[in-house]
Every structure is written in C-alpha cells, then in structure tokens.
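Asks:
Residue numbers (this note's numbering), protein chains in the order written: chain D, 5 to 256; chain B, 28 to 414.
1. Could you compute how far the alpha carbon of residue 179 (chain D) sits from the alpha carbon of residue 139 (chain D)?
2. Name the residue from B:322, B:374, B:257 and B:285 whose alpha carbon lies nearest to the alpha carbon of residue 302 (chain B).
3. What does residue 409 (chain B) touch in chain D if you count any residue whose Cβ is under 9 Å from its own?
4. Leaving out five residues on either side along the sequence, give the residues of the same chain with a beta carbon under 6 Å from the beta carbon of residue 225 (chain B).
5. Identify every run of the alpha helix (DSSP H) within the segment 130 to 179 of chain D, keeping only runs that are complete inside it and at least 4 residues long; order them along the chain.
6. Can you grab the Cα-Cα spacing for the pair residue 335 (chain B) / residue 256 (chain B), in whole Å?
7. Start and end of the beta strand (DSSP E) containing residue 124 (chain D)?
8. Which of the three DSSP states, helix, strand or coil, is assigned to residue 86 (chain D)?
9. For residue 122 (chain B) and residue 145 (chain D), I'd like the C-alpha separation in whole angstroms.
10. Considering residue 192 (chain D), what are the terminal residues of the beta strand (DSSP E) in which it resides?
11. Would residue 103 (chain D) and residue 58 (chain D) be called neighbours here (beta carbons separated by less than 7 Å)?
12. Hey, does residue 108 (chain B) have any beta-carbon neighbour from chain D nearer than 7 Å?
13. In the DSSP output, which residue or residues are listed as bridge partners for residue 184 (chain D)?
14. Determine the chain D residues that contact residue 122 (chain B) at a beta-carbon separation under 7 Å, and present them in chain order.
15. In three-state DSSP terms, what is residue 103 (chain B)?
16. I need the boundaries of the beta strand (DSSP E) containing residue 240 (chain D), first residue and last residue.
17. In the DSSP assignment, what are the bridge partners of residue 52 (chain D)?
18. To the nearest angstrom, how far is it from the Cα of residue 36 (chain D) to the Cα of residue 151 (chain D)?
19. Please report the distance separating the alpha-carbon of residue 170 (chain D) from that of residue 214 (chain B).
20. Taking DSSP as the reference, what is the three-state secondary structure of residue 36 (chain B)?
21. Could you pull out every unbroken alpha helix (DSSP H) segment of at least 4 residues lying fully inside the segment 260 to 304 of chain B, listed in chain order?
22. Roughly how many angstroms separate the alpha carbons of residue 276 (chain B) and residue 357 (chain B), rounded to a whole number?
23. Indicate whether at least one CB of chain D lies closer than 7 Å to the CB of residue 216 (chain B).
24. For residue 293 (chain B), I'd like the list of residues in its chain whose CB is within less than 7 Å of its CB, leaving aside the five on either flank, ordered along the chain.
25. With a threshold of 7 Å between beta-carbons, can residue 299 (chain B) be considered close to chain D, or not?
26. Considering only residues of the same chain and omitting the five flanking positions on each side of residue 201 (chain D), which have a CB-CB separation below 7 Å?
27. Going straight from the alpha carbon of residue 82 (chain B) to that of residue 380 (chain B), what length do you get?
28. Between the alpha carbons of residue 271 (chain B) and residue 363 (chain B), how many angstroms are there, rounded?
29. Check whether the segment 182 to 202 of chain B and the segment 325 to 342 of chain B touch, using three or more Cβ-Cβ pairs below 8 Å as the test.
30. If residue 107 (chain D) and residue 66 (chain D) are in contact, beta carbons under 8 Å, what's the gap, nearest whole angstrom?
31. In terms of alpha-carbon separation, which member of B:168, B:146 and B:411 lies closest to residue 156 (chain B)?
32. Taking residue 80 (chain D) as the query, report the chain B residues whose CB atoms sit under 7 Å from its CB, ordered along the chain.
33. Evaluate residue 191 (chain B) with the Cβ neighbour count: other Cβ atoms within 10 Å of its Cβ, from every protein chain shown; 16 or more gives buried, anything less gives exposed.
34. Under 7 Å between C-beta atoms, does residue 22 (chain D) make it to chain B?
35. So with CB distances below 9 Å, who are the chain B contacts of residue 240 (chain D)?
36. For residue 176 (chain D) versus residue 167 (chain D), is the C-beta spacing smaller than 7 Å?
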C-alpha cells in the first residue's frame, strides 16, 4: 500500500466509523415517542383569557407548579397572576403586585368601592409565532414546534440566558436545579394526548381556555370573533398567541 | 435567593428576580473592545502610514492577542452548561447574534491576528531559531513552521501579505466589536439596549479603550526597560485618543438627547434609574470621571505648551481614567439593562458575590490573565526592534 492509498483508505475508515457512531446513537435512542392520533400539522395552539372572569384564586399557579415540577420558591413561575389596582383611572400608573406569583391567592388589600379599577391578569408564555427568544438562542435549544408551541430542549440548552433577556414578557427563568432555561410548555405532554393544560383544567371560572386555531369547531374562534381581544405588548410584534379580552391599557 | 426579594422596588415580573448577566458579562465587551481598539491603533501605522505610532505597532498586536485569548473565558465561566459550549460552533443557530459571534471571533483570532503577528515576527523567529540553542532553538523552529528564508524578497512578501491582512483586519476589527454592540442593540425587549446606535457606540468606545490601553502599556514597558518613551509617538496617540473620544462622547450624547426628547414609554423608568440606581456608575464615574475629565486633560495637552514630563503624567492619568470610564460604560449597559423591570413598574438590585463563580474574584483574575499572557508573549516575541 503506498502513501496515497493509505491516506485514502484511512480517511474513509475514519469517516465511516464516525457516521456509524452517529447512526448507532439514533438506533439506541429508539423511535420518537408517539401519541396515537396526534398529528403535529393538524394543530395550532393558542390560549384565550377572559380577564373579567379571573378571581385571583391562584389555582392555575398551584396546578402548574404541581404538574410541571416547577421549583417551589416565591419566584420562578411558568404561569403567575398579577393584581392590578388603578386608582382614579390613571392607566399610566397602575399599582401592581403578585405575591408569590399568586400561588397563595391574594390577601385583601384595597377597600371595595374606593373608586378604583381592580382586576387580575394571569400571565404565561405567549407561545409567540415570531419568538424573540427562539431567534436569539445560539444553538436552537429553544424552538417553535409545528403545532405552535415554543419548547425548550433541556439536553441541549447551554444556559447562556440570552433568551431570558430577549423575552419581553418575563416568562423565562433559569432552573437552578438543571442550570438550563425553563418556561411554560403549554403542558405539551398533556395537550398531545387530547387533554387541556393543567392551569386551564384547574381554573374554576373558565377564565383561561386552551384553543386550537386549526380546529374550526374550537370555541376560541367565537372568542376571537365576538369579543374585544388584545395580546400583551402588541408593539413588540412577536405574534403572541395568548389572547386577552377586556385587557386594560394599564397592563404591562 | 430569598434575600433578593428585599432588593426589589415597585413591581417586577416574578421571574425577573434573578439578574441574568453578571460582572463576567461586563468583562466580555470590555475585553473585546480593548482587542478591537488595540488592533485599530496598530493598523494606523500600517495602512494609513502614521509613522509616529510605529514604536507601538507590535506591542499593540501582542496586546490585542493577549486579550483576545481571554475574551471567551468569562462567557464560558458564566454558562449553566460550559461543557455544551462547543455546540455553538458545531450546531449554530444562524439567526442568533451570539452564535454568529463565535465565528467572528475565530475568524479574527486565527486569520487576522495570529497570522498577522506571525508574518510580522517571522524574521525574528527565524533569526532566533538560528541563534538559540537547545530547547529554545527547537521551540522557535516549530514556531517558524518550517520557514527559513529571510532574504530581502521574502521579507518584502511578508510585508505585502501583512499589509493585505491589515487591510482585511480593520473591517474585521470593526465588525468584531460592532457585533458585540449588536448582541445588545438587537434585543427589542430591552429599551436600554435596543438602539441602532449601540454597535457604533460600542465600536468607538472600543477604539477609545484600546488606544488608551496601548498608550499605557507603551509607557509602562518603556519604564520597565529604562528607556524614555518616544514623545512624538505618545503625542500622536494622545491626539488620536482625544479625537476618538470626542466622537464616542458625541455619539453617546446623541443617544441620550434622543431618548430624552422622544420620551417613549420606557423613558420615565430609565430616567429614574439613571438618577438613582445608576447615578454613581453612570453620571459620576462614566460621564464625569471617565469621559469629560480625560477629554479635558487630553485637550489641555493640545492647547497648552507643556513640558515632556507633564505631558507624560497627563497621558498616564487620562489613559487610566479612560479605561475606568469605558469599563463603567460596559457596566452601565450590561448591568443597567437589567436593573429595571420590563413592566416599567419596578427595579431590582445587583448583589455581587466575592469568591463565587461569577463574583469579583474570578473577574479580577480574568482581568489579570491577559497581562500574564502578554508578559509571556513579550518574552517569546520581543516586540521592540534593537535600536
């Protein structure tokens, strides 16, 4: 064997072993988890929130932390509830609080009938169709699924925190246990099996409802057609898919 | 993290309790800026034929290299999963400014800086490979990469290639640091960062800091070597520092005036932040101590006839203040951009650890490392030609 031959054959060997290893990894990983009857392209998930119906009980926050194993600290939330108090109708200067993210409900704070405007705003990841967080991720560990949910691959996330900076809504945090980013996944493990999200299921007043924009019979179409709806920070043009009706101008 | 709740004022989104980017991320634009600035100063001599700054040319290149080698370390130390950082190169996400920066960095490090330094020092390396003995000889022979020809023609070719590299190097240096500005300037969620001026402001502040650093290093190395610094050279650098600084300050003032006049939805919040939480680091340290004062000192040298020693003192003070000012600028961008809530209704505070992973101690070590590397580089490749 001359040198040329050796290099050629050696090169091929190295290349083939490399590809075989990659292929073997895929074999070991097995088939991707399948949910029967669930087709990614048949869905486009969104959420409808009726602010008038939210009573600030915090059931959604508790259900979410339980369902998704979210760390039980007074910070780090996949979903949380904010209380708005707008005295004298001054929407520029609302008083807002969210003690423990609304996990324990809201202790009475403002006297009734004091001439102020008071309401609760549940918040969660807006599952943006043009997500700034997805745009900035250096490795693509956070991505938009074909059925319209923004997800995070924890095995891949570097923990660089760029996406946390890029989210205009404060929906992301670094999970201290894994050193990777975490956020609302719209209970992806549930909705793929035909269930609704934990927060929607726990809501006693139906203030938050999961919707499938690709399903023509989904009541969300009626909600979007008949009610006055708005998304949070529309000027950010993120293609947010959490729609609020009765959204006050004071809400940030 | 419970005590963090006490540092909160007004309303912030619950997840905003933790400050994401620490002092290490302040170091990153600071160090990258020093690299770009030092290189641009070095290029002045080569491309624009500013003969006077020639004594600093090679020192500037080595300084740039020493700092560039350290630049990725603070980022690495900051990651939640440092072992995955290579994915940024292997499976980059092309819409991410951060991922693309990795390639800018590699291009700049390997193609521009290392190659240019090698070409410029090739004659010295070959000479040393011939003169030295033992291990040193072997070392320089390896460094020479098998080249042994230092005839007049081959040196001329080196020079030609080097000039060409510098030619690519200047836009590369501009890109390198302009790009760091883009990483912040392109975040629309953050009004303190999101301005198209950010890359340009970063670029000019980089030039300012790099020029100041090389000026100080030149004075320092001259002092160590017991040689008087070339005053013509120092005066020229001082002049360039003044010009770059005036442009830089002008740009920042344009940005500030624009924000004040436009007074958009974020203004009230940012204005309050600058007057309170950022007052010391922004108004006092960055603008007054780190910008207006050094500009004034550098201007005095231009306007008044001063003795050499007085000029040297003023340059040393102005250079040091400049570095403090630019560091404060990076601090105010990175930390300042995280002190207010994106709800514009509240503020948080930054509590710096000392001997923690992202504390003051690692930051100090990281800032000292480039000087150690530079010292080694200078030992291997003495930048001063025998006079």
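A virtual CB, placed ideally from N, CA and C, is assigned to each residue, including glycine.
Note that the structure is a prediction, hence the values are computed from the model and not measured.
Replies: Inspection of the coordinates gives the following:
1. Those two C-alpha atoms are separated by around 21 Å.
2. Of the listed residues, the one whose Cα sits closest to residue 302 (chain B) is B:374.
3. In chain order: nothing, as chain D lies at least about 39 Å away.
4. Correct list, in chain order: 208, 211 and 212.
5. The qualifying runs are 136 to 140 and 166 to 170.
6. Straight through space, the alpha carbons of residue 256 (chain B) and residue 335 (chain B) are spaced by roughly 10 Å.
7. Note, residue 124 (chain D): beta strand (DSSP E), 121 to 128.
8. In the three-state reduction of the DSSP assignment, residue 86 (chain D) falls in the strand class, which pools E and B.
9. If I take the Cα positions, the gap works out to 13 Å.
10. Segment 192 to 195 is the alpha helix (DSSP H) holding residue 192 (chain D); no beta strand (DSSP E) there.
11. Taking 7 Å as the Cβ cut-off, residue 103 (chain D) and residue 58 (chain D) do not qualify as a contacting pair.
12. Output row for residue 108 (chain B): interface = yes.
13. In the DSSP secondary-structure assignment, residue 184 (chain D) is bridged to D:179.
14. Near residue 122 (chain B) (Cβ distances below 7 Å), the residues of chain D are 139.
15. Here residue 103 (chain B) sits in helix by DSSP.
16. Careful: residue 240 (chain D) lies outside any beta strand (DSSP E) and carries neither H nor E.
17. In the DSSP assignment, the residues bridged to residue 52 (chain D) are D:213 and D:247.
18. Legend: pLDDT at residue 36 (chain D) = 49, less than 50; position of this residue unreliable, no value from coordinates given.
19. Roughly 6 Å between the two C-alpha positions.
20. Taken through DSSP and simplified to helix, strand or coil, residue 36 (chain B) comes out as strand.
21. Here the runs fully enclosed are 294 to 302.
22. Each residue's alpha carbon lies about 14 Å from the other.
23. It does: the Cβ of residue 216 (chain B) has a partner Cβ on chain D nearer than 7 Å.
24. Within the same chain, residue 293 (chain B) has close Cβ partners 218 and 371.
25. The beta carbon of residue 299 (chain B) does not come within 7 Å of any beta carbon belonging to chain D, so the residue lies off that interface.
26. Only residues of its own chain outside the window of five on either side were considered, and among them 190, 191, 194, 195 and 214 have a CB closer than 7 Å to the CB of residue 201 (chain D), listed in chain order.
27. In this structure, the alpha-carbon of residue 82 (chain B) lies about 41 Å from that of residue 380 (chain B).
28. Spanning the two alpha carbons is a distance of roughly 24 Å.
29. The segment 182 to 202 of chain B is not in contact with the segment 325 to 342 of chain B.
30. Between residue 107 (chain D) and residue 66 (chain D) a beta carbon distance of about 6 Å is seen, short of the 8 Å cut, so the two are scored as contacting.
31. Ranking the options by Cα distance to residue 156 (chain B), first place goes to B:168.
32. Under the 7 Å cutoff, chain B gives 42.
33. Result: exposed.
34. So no, residue 22 (chain D) is outside the interface.
35. Listed along chain B are 215 and 216, each with a C-beta nearer than 9 Å to that of residue 240 (chain D).
36. Yes; because the gap between Cβ atoms is below 7 Å, this pair is in contact.
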